[in-house]
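Peer 1:
Shown next, in the form of structure tokens:
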């Protein structure tokens with residue numbers, strides 16, 4: 204089994220070990236076998252199938268989760284948004300982007316950048332949990348891009364609190380000198396030293412009104428348009444699409 208886990212082509216496959224009741228009470232250290240699930244050989248077929256299905260579902264979730272933040276990744280994001288559309292649930296889907304993240308990475312290093320991404324994830328999870336409870340969702344597209352969803356009626360309040368919390372916490376990751384000046388210097392894509400505004404966030408919000416969208420791709424296309432608009436604003440900002448809504 205160790206050979207399977209060390210094989211690059213097979214390491215992602217979950218391993219279910221079928222054992223006898225005697226093995227279960229023998230004191231064997233099953234962790235050293237690198238298995239993902241144990242099933243009693245005497246278990247009814249229904250239990251066996253259920254355990255295997257749960258093991259596969261768990262493996263899919265782990266594979267999709269972002270390794271830095273632990274948040275659901277692209278597959279879960281797509282399924283969640285498409286699920287809202289298919290069920291007719293009205294939700295506000297928000298796409299969040301960290302502004303001037305690359306120059307922050309260049310000046311402060313990738314470790315600091317990772318800390319900022321984890322901080323952003325915590326802010327999102329805390330605020331969305333508070334405002335939306337079980338009706339909320341937070342996902343990590345990758346890099347400095349996130350997606351969250353709430354009921355439409357609370358999305359404005361959620362955006363404002365997310366921005367307030369982020370703007371307060373980001374100062375913990377910047378040098379005092381940069382905070383006082385209101386900018387930091389780093390190289391642009393051409394290698395020239397440029398002054399960049401302090402790191403902020405942009406949030407583009409797409410309300411999913413009944414009948415407006417049928418496919419996840421339509422939502423994503425509208426979000427891309429809105430992101431261009433909101434990123435042209437100074438500082439941390441959000442913009443809610445009013446087209447086709449009440």
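In this note's numbering, the protein residues as written are 204 to 449.
Positions of the beta carbon are idealized from the N, C-alpha and C atoms, including for glycine.
Every value quoted in this text rests on a predicted model; they were computed, and no experiment measured them.
#1: Quick check: the Cα distance between residue 245 and residue 224, rounded to an integer number of angstroms?
#2: In chain order, what residues of the same chain lie with their CB nearer than 6 angstroms to the CB of residue 402, ignoring the 5 residues before and after it?
#3: Per DSSP, residue 388 is paired with what?
#4: Please list the terminal residues of the continuous beta strand (DSSP E) segment that includes residue 325.
#5: Answer with buried or exposed for residue 265, where buried requires no fewer than 16 other C-beta atoms within 10 angstroms of its C-beta.
#6: Let me confirm a value: residue 212 is counted as buried when at least 16 other C-beta atoms fall within 10 Å, else exposed. Which label applies?
#7: Does DSSP put residue 284 in a helix, a strand or coil?
#8: Which same chain residues end up closer than 8 angstroms to residue 345 when comparing Cβ atoms and leaving out the 5 residues on each side of it in sequence?
#9: For residue 408 and residue 360, I'd like the C-alpha separation in whole angstroms.
#10: DSSP on residue 353, reduced to helix/strand/coil?
#11: When we look at the beta-carbon of residue 347 and count the other beta-carbons within 10 Å, is it buried (16 or more) or exposed?
#12: Is any heavy atom of the ligand NAD found at a distance shorter than 6 angstroms from the C-beta of residue 414?
#13: Are the beta-carbon atoms of residue 404 and residue 342 separated by less than 7 angstroms?
Peer 2: Checking against the coordinates, here is how it stands:
#1: 8 angstroms
#2: 303, 307 and 373
#3: 398
#4: First-last for residue 325: 313-335, but that is the alpha helix (DSSP H), not the beta strand (DSSP E).
#5: exposed
#6: Residue placement at residue 212 is poorly supported in this model, since its pLDDT is 47, which falls under 50; the coordinates still yield a value, given next. Classification of residue 212: exposed, given that the 10 Å Cβ count is below 16.
#7: helix
#8: 269, 276 and 277
#9: 12 angstroms
#10: Here residue 353 sits in strand by DSSP.
#11: Buried, because 16 or more other Cβ atoms sit within 10 Å of the Cβ of residue 347.
#12: Summarising the ligand content, the structure contains no ligands, and the ligand NAD is consequently not present.
#13: In this structure, the beta-carbon distance from residue 404 to residue 342 does not fall below 7 angstroms.
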